[in-house]
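Chemist: Here it is, the structure, as structure tokens.
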Amino acid sequence: MAIAYHGSAALFNRFDSSHLLEGDGKFKFGVGAYLTSSYSTAAHYSGVSGSLDKYVYTVEI
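Going from the sequence shown to the working numbering is simple: count from 1 and add 3.
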């Protein structure tokens with residue numbers, strides 16, 4: 004098991020594929036949920052949309 008992080012301006016309690024196109028609209032590596040091993044990178048992306056709401060989720064994979 005590994006720990007990864009996901010940054011978002013949205014508050015949610017589970018990943019839902021019906022919301023994959025609601026992010027910042029920049030799918031550099033294709034459509035999906037982007038995860039990183041770096042908390043600070045996830046924190047950065049949580050604020051990319053310009054929203055005042057910023058969340059970092061810890062994910063076990």
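Yeah, the Cβ is synthetic: ideal placement off N, Cα and C, and Gly gets one too.
The alpha helix (DSSP H) with TYR42 in it runs from where to where?
Modeler: TYR42: member of the alpha helix (DSSP H) spanning 42-49, first to last residue.
Chemist: Our contact map puts ALA36 next to HIS9 with C-beta atoms below 8 Å; I'd like the distance itself, whole angstroms only.
Modeler: 6 Å
Chemist: Rounded to the nearest angstrom, what separates LEU14 and TYR58 at their Cα positions?
Modeler: Distance between the alpha carbons of LEU14 and TYR58 is about 7 Å.
Chemist: Taking 7 Å as the limit between beta carbons, can you name the residues of its chain near SER49, skipping five residues before and five after?
Modeler: GLY10, SER11, ALA12, LYS57, TYR58, VAL59
Chemist: Please list the terminal residues of the continuous beta strand (DSSP E) segment that includes SER11.
Modeler: Its beta strand (DSSP E) spans residues 6-11.
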